[in-house]
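Count the sequence shown with the numbering used here and you get residues 1 to 274, in order.
Beta carbons are placed, not taken as given, at the ideal position from N, Cα and C, and that holds for glycine.
Note sheet for the following structure.
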Amino acid sequence: MASAPWRCPTCRRPLERPDPTRWTCRSAHSFDVARGGYVNLLPTGRQPGRSPGDSAEMVAARRRFLATGAYDPLTSTVRAAARYHADGGAGETILDVGCGEGRHTRALPFPLVLGVDVSKPAVAVAARAHREGWYAVANAAALPLAEGVADAAVNVFGPVFADELGRVVRRGGILVTAHPGPDHLAQLRELVYDDPRPHELKPPLRHAEGCFEIFSSEPLRWEMHLGEPAALLDLFAMTPYRWHGPPDIASRLATTPDAAVVTADVRVTCYRRR
Ligand SMILES: C[S@@+](CC[C@H](N)C(=O)[O-])C[C@H]1O[C@@H](n2cnc3c(N)ncnc32)[C@H](O)[C@@H]1O
Ligand SMILES: [Zn+2]
């Protein structure tokens, strides 16, 4: 496919790929394909100085942690939900918004898999690991995608911009979101905060009733046996908790007894686009 689904982030016109090295629009905006196979579709001239999204260190920690298989129950559940609900298996195109380093993305069983994330280091890793997927550095709040281009979309622990999701998922298409339940990473939070509180569970699309209807919302819970302190450190480093906690948190985590058990508690919600 040489054109679609991308749209120019500057003028919104369709992007075409005149050759494998770049995408261009009819207003002559041009976006180079990086050697890793992804394209940067943040609007030209409006790229913030500090890289947005997850840093290279967070991406590396997430990649190492997910490679242990500790989140595989989540990958399988999201994969199965997306496949099952997408027209009984007829969906062609799936979009992962806030795809991160792509562990869940590359498991999605669709002919065309699109992954977007605002973090360049994350997209670089995701694209390298999944040459058949189409990846772009892009903002979930202003997706460089055509209306109704996706039969299905997923969002795993990412920021949810419901209007944009409603615009790019076709009518009758589906959306699967995964977000923390009340006990998610409870043991890690106990190490980080003096006064840990449960996560407040909110349906991520509570303001988007006009676009999507929820048709299932299930808790998914399992215990992660991390085995070695390095995994706990990676888990810490890939979450926002890394900005909190006492100064000695890293040494506390490093000396946590082997085989630490951390609860994963995730709410997986499926929506249909009205
Ligand atoms: C908690 S991580 C989850 C990554 C991946 N879905 C996973 O589960 O492994 C959240 C991701 O959202 C991305 N992100 C944050 N703000 C974003 C935005 N405005 N647009 C696109 N991605 C964003 C971050 O860079 C990060 O990769
Ligand atoms: Zn343009």
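Between the segment 86-105 and the segment 143-154 there are three or more C-beta pairs closer than 8 Å, enough to call the two in contact.
Between the alpha carbons of C25 and R35 lies a distance of about 21 Å. Following the DSSP letters along the chain, one finds D265 inside the beta strand (DSSP E) bounded by residues V261 to R273.
Where L95 is concerned, the enclosing beta strand (DSSP E) starts and stops at T93 to V97. Within the segment 59-125, the complete beta strand (DSSP E) segments of 3 residues or longer fall at 93-97 and 112-117, listed in chain order.
DSSP places E132 in no beta strand (DSSP E); its state is neither H nor E.
The beta carbon of W6 lies closer than 7 Å to those of L15, W23, L41, A136, P144 and L145 in the same chain, with the five residues before and after it left out. In the DSSP assignment, I214 forms a beta bridge with Y271. Rounded to the nearest angstrom, the gap between the Cα atoms of R79 and P159 is 19 Å. Between the alpha carbons of C8 and A126 lies a gap of roughly 22 Å.
Taking M58 as the centre and dropping the five residues before and after it, the same chain places the C-beta of A237 and M238 closer than 7 Å to its C-beta, in chain order.
Here the distance from the Cβ of R13 to the nearest heavy atom of ligand 2 is below 7 Å. Ligand 2 has a heavy atom closer than 7 Å to the beta-carbon of S27.
Shown here, E228 sits in coil according to DSSP, grouped into three states, outside any helix or strand. For C270, the distance from the CB to the nearest heavy atom of ligand 2 is not below 7 Å.
Residues of the same chain with a CB within less than 6 Å of the CB of R103, apart from the 5 flanking positions on each side, are L66 in chain order. Not one heavy atom of ligand 2 sits closer than 7 Å to the Cβ of C211. Straight-line spacing of the CA atoms in L175 and E92 works out to 14 Å.
The set of residues with a C-beta under 5 Å from any non-hydrogen atom of ligand 1 comprises G53, D54, G98, G100, D117, V118, S119, A122, N139, A140, V156, F157, G158 and P159, given in chain order.
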